[in-house]
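Protein chains in written order, with this note's numbering: chain A, 1 to 220; chain B, 221 to 856; chain C, 857 to 1111. Note that CB positions come from ideal geometry on N, CA and C, so glycine has one too. Model, not experiment: these values are computed from the prediction.
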Amino acid sequence: MSWLLESLNSSIGKKILMAVTGISLILFLVGHLSGNMALFANDGGKSFNAYAEFLHHLPGLMVIEIILASVFLLHILNALRLWVENKKARPVKYAVNASSKNSTIFSRTMVQTGSIILIFLIVHLKNFWYEYVILKSNDNLFEIVVETFKDPVYSGLYILAMILLGFHLNHGFQSAFQTFGWNHKKYTPFINFLGAIYSIAMAVGFASMPIYFLFFYGGN
Amino acid sequence: MAKLDSKVPAGNVQDKWTDHKFNMKLVNPANKRKYDVIVIGAGLAGASAAATMGELGYNVKLFTYHDSGRRAHSIAAQGGINAAKNYQNDGDSVYRLFYDTVKGGDFRAREANVHRLAEVSNSIIDQCVAQGVPFARDYGGLLDNRSFGGAQVSRTFYARGQTGQQLLLGAISALNRQIGLGNVKEYTRREMLEVVVVDDHARGVIVRNLVTGEVERHSAHAVVLATGGYSNVFFLSTNAMNCNGTAAWRSHKQGAYMANPCFTQIHPTCLPVHGEGQSKLALMSESLRNDGRIWVSKKKDDKRHANDIPEDERDYYLERKYPSFGNLTPRDIASRSAKEACDSGRGVNGGEAVNLDFKHAIERLGKNVIEERYGNLFEMYETITGKNPYKEPMNIYPAPHYTMGGLWVDYNLMSTIPGLFVLGEANFSDHGANRLGASALMQGLADGYFVIPYTIGNYLADNKDPLMSTDKEEFVQAEKRVTDHVEKLLAIKGTRTVDDFHKKLGRIMWNKVGMARNEKGLKEAISEISQLREEFWKDVNVIGSAGTLNQCLERAGRVADYLELGELMAKDALDRKESCGGHFRTEYQTEDGEAKRNDEEYAYVAAWEFKDTGNWELHKEDLEFENVKLSQRSYK
Amino acid sequence: MSDVKLKLKLKIWRQPGSDAVGKLVDYDVEVSPDDSFLEMLDQINESLEKNNQEPIVFESDCREGICGACGLVINGQPHGPVPRITTCQLHMRHFKNGDTIYVEPFRAKAFPVLKDLLVDRTPLDKILQVGGFVSINTGGVPDANEIPIAKDVAAQSFDAAACIGCGACVASCKNASAMLFVSAKVSQYALLPQGQPERQRRVEAMVKAMDEQGFGSCTNTYACEAECPKGISISNIARLNRDFFSAKLKSKNVS
């Protein structure tokens, strides 16, 4: 299997790893957002809690969680490794940086947006997963959500993180296709468009939760 | 004269090369690795020769002053490459290509060489296609051709306007393969400064490492020069900044004869000089003359903008003088006519430029058609000049472009120093007194792929001595010549820059050894050049030291050589009392101003032997025309 | 021909040798808008030489945008602010009177500075030497017209083959990646029938060599395409990725 490791260790192999894990996470986000839509059911959290219970008792949940965690870890660790290596490829910096003239801000800031999303992820896991699954501090997940989003500082940061997630996804989406080699005069513009729609949908979708609970949710 | 044996084989011109290939000695495949061959230069000729000899099994050492062979100036050739494939079914043949080339060269080339060139031309195309060179194709998937000046058939293969680039990259790919396989060892950023001659045979070279300044000795069984032409003697030319005549010139001073040095080609469609700071002249493809009309004002010193000069005050001089060929006369005639017009004060703004006008073509064909045909050239023109050729005429003027002259070689491409072979533009070549468009690429690749690999074997089979130690006295002496020369240049510490001398020399060459020459001017040139050379060695300021990357020193060495070569060019031009091809002596012209050859007295190759600085002995190789009838070119 | 000269302030990278410390040095110049950028440097050098100072070392050769020798980073952009041209094709009319212009060498670990603005780009050739060719010897090849190639395929191959090896892609990439360069060569052959027999071996060998030379990885910012003087498309990089992936899965090379 040395050829496989060697392939994945090559510059293109690392890209492919980023793309495969990235696309997996892109799909995960779709599922995650769809499920979370239950928050807006306006039934005092009944639907949402039922959804949470369902997930919690899903057979093989452990396996799914491990796979998901591995995908996240691979994506993050591989990114950090690439970042360090790529820094080394240019030891002396330019005095003038004109990168805004030849590339998009989304593409240049993947490490920065990714890092902020990572911090967000840790806080996010602590607030919801850790409280609900590990500590079992409250078996009403909807209440945890409501409580958490009541804090305007937290919600503000959450919204900001979601905007950055949108940036990250906007580049990541079409970048994955490029890495797989799917670049075509006819279809690439469509993929770029789809990527933009997708990333806006994710950013708006996730950000709508704190906005809803902060401004529109009266509480029962 | 014994030395000037052209070694042209006997027999019919059609059979000479075939017979010769059979008669030449071969080196056994297992023995080839016992031979070391040095190749200088990585352009079309050098790269193709090094790659092919590497494939055959010789140990090849390749030297280039660039960081990579791909930078060689072959890369800049635009138009295409000729071959007698007759894919267009328009009556082409090896014989016709041979005939056209001899005639186009104004009957000053060696018939046997030209015929061989035409014979191998087809193999070149096959070879390049097999390498993956993306030539232009027709919708059916087969190769496309275009026509070019001096021929009535369509035999030019091309890859957009970048044929030279694609052919060179093809040759470099073959070279890279051999480097990867270890058959060729590449020495980049090395400039050859001496050839080492032991017992009258070339046995090595001295090169300077341009990064460290180190002077290195390299030994071999044979040395192959493929170092290009010397148009930069004019300072302003279409050649690249680093093109130079040094390797050839230093070999000349060790005994290689220089042949027909005065045969230079001035390309008619280049951009005019815009100012003092100009470093080189950009070439615009000759194809522009297909639809563009060339004109100047009828008035002297007319300062009006071209668009303000009414139709009846314009002189379309080529159409007037050459009604049947019009704007499509050969390069030498078009160039000379532009000079005449400007010399009479009728150039653009009274200066050195003529108009190349597309107004009528745009009216006739529409802007779209013109854009389709010449869009990239118009864009290039606008990039350089900031002017829009769709709205006003282009300004063009002739510029030095190619040198038909070069080191004398026999049929085997060997110079008068046994073991020193010369390929491509560096030799005096197959183009006679004028090269046809799309023939330079053909010759470079013919020499490298299909001639030298055979002829060098014939030489090596007879020269089996083991590789010479570089400690030998001749190597020590050659190295000393190099270091002495470098130290001498650095020690002058005068007041004038290297470029200052180069520009002055260029001015003399352009004015007196340029498009039109005469006895008085040539004599003046000889004395002015020798005077300038004296000043150079007293007053040039070469900054920096020898043991480092020093571009000033590199240029100084080359200019020092130009200051000798320029004199020989003038001397050769003075000696050739006739006009032929690119060599036009105003004293020798027909009543209507055309070049007047003197076949009785000058149907020879002038090969100059170096005696000492400013002193040469002329040897003549008589040219015999058994197949092509000598005739006056007429383009009326 | 404009007679009005531009007064400019240049900040040019000077570095005496590869191991020496470099710095930006100020030069004030007056230059004609008709001059090219490199002709302006020629003029600075001419005046430096007159004052017994070492001229600025920079590389250039054909000065018509095809040899790939020149390459300066001008105000942060390889080959300057005008798209689709090389440094030698940049003319001073694109600058304004009073501008300050930063001139730096191409920067990458794989392209060490040898002196001032001149860098070593031989790592690009090292990549070509392991696979940038079709393995045929001179002679014994089929007739040129025995290999029909569709016109648009030949044109696409040409588009990739138009690369001049200047290294601007590496210089512009935030990761100093050479993917555009490598992909152009791989694509030229991958598109042609002549390139098929070695297609897998070529891409595997060239990517390996590329990684060994110390270039960074591609992160699809496409700065390379934006700065490439020949407009080489990043669709070539996609093809390289695809070919590499497929070669790794299909080839029997397990070492």
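Please list the partners that residue i has in chain C, where partner means a Cβ-to-Cβ separation under 9 Å.
{"i": "A:LEU82", "result": "ASN1031, GLY1072, SER1073 and THR1075"}
{"i": "A:VAL153", "result": "Correct list: empty, because the minimum Cβ distance to chain C is about 33 Å."}
Measure the Cβ-Cβ separation of residue i and residue j and say whether it is below 8 Å.
{"i": "B:ASP325", "j": "B:ALA653", "result": "Here the sequence assigns Gly to residue 325 of chain B, which means Asp is not the residue at that position. Result yes, Cβ atoms of B:GLY325 and B:ALA653 sit closer than 8 Å."}
{"i": "B:GLU707", "j": "B:ALA766", "result": "yes"}
{"i": "B:ARG470", "j": "B:LEU413", "result": "yes"}
{"i": "B:GLY465", "j": "B:MET624", "result": "no"}
{"i": "C:LYS1064", "j": "A:SER10", "result": "yes"}
{"i": "B:THR383", "j": "B:GLY300", "result": "yes"}
{"i": "A:MET162", "j": "A:LEU29", "result": "no"}
{"i": "B:VAL671", "j": "B:GLU331", "result": "no"}
{"i": "C:ALA1082", "j": "C:CYS1029", "result": "no"}
{"i": "B:VAL435", "j": "B:VAL779", "result": "no"}
{"i": "B:SER557", "j": "B:LEU576", "result": "no"}
{"i": "B:LEU785", "j": "B:VAL280", "result": "no"}
Does DSSP put residue i in a helix, in a strand, or in coil?
{"i": "B:ALA460", "result": "coil"}
{"i": "B:GLY274", "result": "helix"}
{"i": "C:ARG870", "result": "strand"}
{"i": "A:GLN112", "result": "helix"}
{"i": "C:VAL986", "result": "coil"}
{"i": "B:LYS831", "result": "strand"}
{"i": "B:ALA440", "result": "coil"}
{"i": "B:GLU331", "result": "helix"}
{"i": "A:ILE211", "result": "helix"}
{"i": "C:GLN1056", "result": "helix"}
{"i": "B:VAL228", "result": "coil"}
{"i": "B:GLY369", "result": "coil"}
{"i": "A:MET18", "result": "helix"}
{"i": "B:ASP819", "result": "helix"}
Which residues in chain B have a C-beta closer than 7 Å to the C-beta of residue i? List them in chain order.
{"i": "C:TYR1045", "result": "GLY352"}
Taking 8 Å as the CB-CB limit, is residue i close to chain A?
{"i": "C:ASN901", "result": "no"}
{"i": "C:ILE975", "result": "The amino acid at residue 975 of chain C is misidentified as Ile; the sequence shows Val. Cβ-Cβ to chain A under 8 Å: no for C:VAL975."}
{"i": "C:SER1039", "result": "no"}
Residue i touches chain C at which residues, Cβ-Cβ below 7 Å?
{"i": "B:TYR359", "result": "LYS1007"}
{"i": "B:MET461", "result": "SER916, ASP917 and ARG919"}
{"i": "A:ILE12", "result": "VAL1063, ASN1097 and PHE1100"}
{"i": "B:GLY176", "result": "The structure shown does not extend to residue 176 of chain B, since chain B is modelled only from 221 through 856, so no value can be given for it."}
{"i": "B:CYS562", "result": "Within 7 Å Cβ-Cβ: nothing; B:CYS562 doesn't reach chain C, min ~16 Å."}
{"i": "A:ILE16", "result": "PHE1101"}
Any Cβ of chain C within less than 8 Å of the Cβ of residue i?
{"i": "B:SER854", "result": "no"}
{"i": "A:VAL179", "result": "Looking at the sequence shown, residue 179 of chain A is not Val but Thr. Yes, contact with chain C."}
{"i": "A:TRP129", "result": "no"}
{"i": "B:SER439", "result": "no"}
{"i": "B:GLN485", "result": "no"}
{"i": "A:VAL20", "result": "no"}
{"i": "B:PRO638", "result": "no"}
Within 8 Å (strictly less), CB to CB, does residue i reach chain B?
{"i": "C:VAL860", "result": "no"}
{"i": "C:GLY924", "result": "yes"}
{"i": "C:ASP1117", "result": "Absent from the model: residue 1117 of chain C. The displayed extent of chain C is 857 to 1111, so no value can be given."}
Could you name the residues of chain C that residue i contacts, counting a contact when the two beta carbons are closer than 8 Å?
{"i": "B:GLU275", "result": "ASN993 and THR994"}
Run through chain A and tell me which residues come within less than 8 Å of residue i, C-beta to C-beta.
{"i": "C:ASP960", "result": "As written in the sequence, residue 960 of chain C is Glu, which differs from the Asp given in the question. Ordered by position in chain A, the residues that pass the 8 Å Cβ test against C:GLU960 are TYR94, ALA95 and VAL96."}
Taking C-beta pairs closer than 9 Å, name the residues in chain B that residue i reaches, listed in chain order.
{"i": "C:LEU1105", "result": "The premise fails here: C:LEU1105 is roughly 25 Å from chain B at the closest Cβ pair, so nothing lies under 9 Å."}
Run down chain B in chain order and give the residues with a C-beta less than 8 Å from the C-beta of residue i.
{"i": "C:PHE951", "result": "Simply none; closest approach about 13 Å."}
Quick one: list the residues of chain A neighbouring residue i, beta-carbon separation under 7 Å, in chain order.
{"i": "C:LYS971", "result": "The premise fails here: C:LYS971 is roughly 15 Å from chain A at the closest Cβ pair, so nothing lies under 7 Å."}
What residues from chain A crowd round residue i, counting only those whose CB sits closer than 9 Å?
{"i": "C:LEU1078", "result": "Contrary to the premise, residue 1078 of chain C reads as Tyr rather than Leu in this sequence. The answer, in chain order, is ASN102, SER103, THR104, SER107 and GLN178."}
Give, in chain order, every unbroken run of the beta strand (DSSP E) that is at least 3 residues long and sits entirely within the stretch 672 to 710 of chain B.
-> Complete beta strand (DSSP E) runs here, min 3: none at all.
Beta strand (DSSP E) runs wholly inside the stretch 872 to 958 of chain C, at least 3 long, in chain order | 879 to 887
May I have a chain-ordered list of the beta strand (DSSP E) segments no shorter than 3 residues that lie completely inside the stretch 473 to 531 of chain B?
-> 484 to 490 and 513 to 517
Give, in chain order, every unbroken run of the alpha helix (DSSP H) that is at least 4 residues long and sits entirely within the stretch 607 to 675 of chain B.
-> 660 to 665
Which residue spans inside the stretch 358 to 433 of chain B form an unbroken alpha helix (DSSP H) run of at least 4?
-> 383 to 401
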